[in-house]
Structures are given as C-alpha cells and as structure tokens.
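Each residue of the sequence shown is one higher than the last, beginning at 1 in the UniProt record's numbering. We put the beta carbon where it would ideally sit given N, CA and C, even for glycine. Okay, structure first, notes after.
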Amino acid sequence: MTTLEAGDKAPDFSVEDQDGNTVSLSNFKGMKLVLFFYPKASTPGCTAEACNLRDNWKHFEKKGYSILGVSGDSKKRQQNFKNKYELPFPLLADEEKEVINAYGVWGPKKFMGKEYEGIHRTTFIIDENGQIEDVIKKVKTKEHAAQIL
1 MTTLEAGDKA PDFSVEDQDG NTVSLSNFKG MKLVLFFYPK ASTPGCTAEA CNLRDNWKHF
61 EKKGYSILGV SGDSKKRQQN FKNKYELPFP LLADEEKEVI NAYGVWGPKK FMGKEYEGIH
121 RTTFIIDENG QIEDVIKKVK TKEHAAQIL
C-alpha cells in the first residue's frame with residue numbers, strides 16, 4: 001500500500017468537498033492536519049471513525065489540528081454523511097481518486113474471502129510545513145482520536 005512515510009513531503013491536491021468548495025493541501029499551510037481516508041460514507045466502520053473524530057473535535061482544535069476526511073464518494077453522499085452525523089470537518093469527494101492515488105491508499109483488499117480494489121483505511125498526520133509526521137495504517141475506528149492525539 002502507501003509508500004509514504006513520516007518525514008516525506010505530503011502530496012499536494014485540489015479536490016472539491018461535500019459543498020463543491022475546492023480544498024487544497026496548500027489551504028492548510030502553517031496548520032497541522034489530520035487527513036483520514038475511509039472506504040465508504042455511512043458504512044458502520046466509517047461512521048464509527050468519523051463520529052469518534054467528531055466527538056473529540058475540541059481536543060483537536062485545542063492542539064491546533066484541522067481534519068479532512070477523504071473517500072471516493074460523490075459530493076451528495078459526502079454531504080448526507082456530514083449532515084446526518086453533524087461532522088464539523090469537510091469531507092472530500094475524490095471520485096477521480098486523485099488524492100486517494102497520490103497518497104497510495106487504493107489497492108487490493110479482501111472481505112469474506114473475496115478480493116476487490118478499494119480504499120485502505122489510513123490516516124496521515126501532516127505538520128505545519130506540509131511534512132508527514134505520522135502514518136496510521138492500522139486504524140481503530142472507535143478509538144481513532146486516541147491513536148492520533
């Protein structure tokens with residue numbers, strides 16, 4: 001999967017969020033960013049992960065972190081997910097897989113004995129200078145904020 005590691009420069013991107021606003025990595029220059037990739041909006045694991053980050057939003061804010069979620073879902077699906085669970089951070093609708101491929105989180109997966117291509121749940125912690133501080137590949141959906149903070 002991803003070959004990006006701590007110390008690498010985070011790949012730049014420009015993709016629309018759930019409201020059609022273009023979001024770029026450069027928007028976060030001078031800020032710390034949690035960039036989390038999840039397979040599909042409104043599925044149980046992705047909901048648990050996003051809600052865990054939402055429930056700890058104040059802790060992230062205090063530590064100076066912004067949060068961005070990314071999946072290959074449409075803007076409408078991302079908007080429904082954000083609204084339904086009152087997520088306080090933008091969700092990128094990366095239907096063309098620009099960010100997903102740049103960060104190397106797309107690849108073969110197995111579920112119930114079947115192989116398919118999909119997003120590997122991965123989180124990148126990016127510092128104020130656009131450097132990757134940490135890569136979390138074994139995400140615990142219900143305890144993800146604790147893994148980051």
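Beta-carbon contacts of tryptophan 57 that lie in its chain and below 8 Å, excluding the five residues immediately before and after: Ile67, Pro88 and Phe89
Taking contact to mean at least 3 C-beta pairs separated by less than 8 Å, is the segment 45-63 in contact with the segment 7-24? The segment 45-63 makes no contact with the segment 7-24; the number of CB pairs closer than 8 Å stays below 3.
How is the beta strand (DSSP E) around alanine 93 delimited, first residue to last? 91-93
Endpoints, the alpha helix (DSSP H) within which leucine 53 is located: Its alpha helix (DSSP H) spans residues 44-55.
Looking at C-beta atoms only, is the number of pairs between the segment 76-86 and the segment 107-125 that lie closer than 8 Å three or more? Not touching, per the Cβ criterion.
Spatial neighbours of threonine 2 within its chain, please: CB distance less than 7 Å, with the 5 preceding and 5 following residues excluded, ordered by chain position. Tyr103, Gly104, Val105, Thr122 and Val135.
Could you tell me which of Lys84, Leu91 and Glu61 sits nearest to glycine 72, measuring between CA atoms? Looking at the Cα atoms, Leu91 is the closest of the given residues.
Start and end of the beta strand (DSSP E) containing phenylalanine 81? Phenylalanine 81 -> not in any beta strand (DSSP E); alpha helix (DSSP H) instead, spanning 75-84.
Exposed unless 16 or more other CB atoms sit within 10 angstroms - verdict on tyrosine 93: The sequence shown places alanine at residue 93, rather than the tyrosine named in the question. Flag for alanine 93 reads buried.
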